Amino acid sequence: MKACPDEAERLVETYSDLILRLSLSWVRSSHDAQDICQTVLLKRLEYTGTFPAPEAERAWIVRVTINTCKNLRRSFWRRNVVGMECVADPVAPEPEPDGLLEELRHLPDRDREVLLRYYMGYDAQEIAALLGIGTDAVRMRLSRARRRLKQKLEEDGYEPSAQ
Numbered sequence: 003m004k005a006c007p008d009e010a011e012r013l014v015e016t017y018s019d020l021i022l023r024l025s026l027s028w029v030r031s032s033h034d035a036q037d038i039c040q041t042v043l044l045k046r047l048e049y050t051g052t053f054p055a056p057e058a059e060r061a062w063i064v065r066v067t068i069n070t071c072k073n074l075r076r077s078f079w080r081r082n083v084v085g086m087e088c089v090a091d092p093v094a095p096e097p098e099p100d101g102l103l104e105e106l107r108h109l110p111d112r113d114r115e116v117l118l119r120y121y122m123g124y125d126a127q128e129i130a131a132l133l134g135i136g137t138d139a140v141r142m143r144l145s146r147a148r149r150r151l152k153q154k155l156e157e158d159g160y161e162p163s164a165q
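Numbering-wise (this note's numbering), the sequence shown opens with residue 3 and increments by one.
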């Protein structure tokens, strides 16, 4: 069912203030509250059911708004993201020309993706699940990739730092 513009206007005029206030009390972010308001209004426009009374529609809007807020608060992104104000300086170093990162770019894709995932902290089982291959294959690729990278770095005169 396609909603008409009049229905969209009615919903915005009738419920946007309610949805914004309710979602602000749950998420405490005006940007998130606006996103939730848009999401709830779109869900209502897509809902094909009817309501016996305006109070029933209002109750539906409130319930969907609360559930959307809860989903946002539970989301992986929300629990694992730090605001930009908490970051002092960029943490990614500038790649050195002819450095380790440059040599990684020259490895075959299969070797590079396994090495990068390993470098990011994934263990062999997690890499295997991500790539859809066996753990023995991951270990073999890791071994082969390390060997190729070491050989290439030694050819270029790279000397490992003393530890």
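A virtual CB, placed ideally from N, CA and C, is assigned to each residue, including glycine.
Every value quoted in this text rests on a predicted model; they were computed, and no experiment measured them.
If you draw a straight line from the alpha carbon of residue i to that of residue j, how long is it in whole angstroms?
i: Glu48; j: Ser31; result: 26 Å
i: Pro56; j: Thr41; result: 20 Å
i: Ala61; j: Thr52; result: 13 Å
i: Arg148; j: Glu156; result: 12 Å
i: Gly159; j: Glu128; result: 34 Å
i: Ala58; j: Leu13; result: 14 Å
i: Val140; j: Asp37; result: 41 Å
i: Thr50; j: Asp19; result: 23 Å
i: Ile63; j: Glu9; result: 15 Å
i: Ser77; j: Glu15; result: 29 Å
i: Gly123; j: Ser145; result: 16 Å
i: Leu117; j: Pro54; result: 60 Å
i: Tyr17; j: His33; result: 17 Å
i: Ala126; j: Glu11; result: 53 Å
i: Arg119; j: Asp111; result: 12 Å
Taking all protein chains shown into account, decide if residue i is buried (16 or more other Cβ within 10 angstroms of its Cβ) or exposed.
i: Cys39; result: buried
i: Ala130; result: buried
i: Leu44; result: exposed
i: Arg143; result: buried
i: Cys71; result: buried
i: Asp138; result: exposed
i: Ala35; result: buried
i: Leu132; result: exposed
i: Asp113; result: buried
Return the residue from the list the options that minimises the CA-CA distance to residue i.
i: Leu74; options: Pro54, Lys45, Val29; result: Val29
i: Leu109; options: His33, Leu151, Asp34, Cys6; result: Leu151
i: Cys6; options: Arg46, Ser18, Asp37, Glu115; result: Arg46
i: Lys154; options: Gly134, Leu117, Val116, Leu106; result: Leu106
Taking contact to mean at least 3 C-beta pairs separated by less than 8 Å, is the stretch 19 to 36 in contact with the stretch 65 to 74? Yes: at least three Cβ pairs fall under 8 Å.
I'd like the ranges of any beta strand (DSSP E) spanning at least 3 consecutive residues and lying wholly in the stretch 27 to 76. As far as the stretch 27 to 76 is concerned, it has no whole beta strand (DSSP E) run of at least 3 residues.
What are the complete alpha helix (DSSP H) segments, minimum 4 residues, inside the stretch 109 to 158? Taken in chain order, the complete alpha helix (DSSP H) segments of 4 residues or longer contained in the stretch 109 to 158 are 111 to 121, 126 to 133, 137 to 157.
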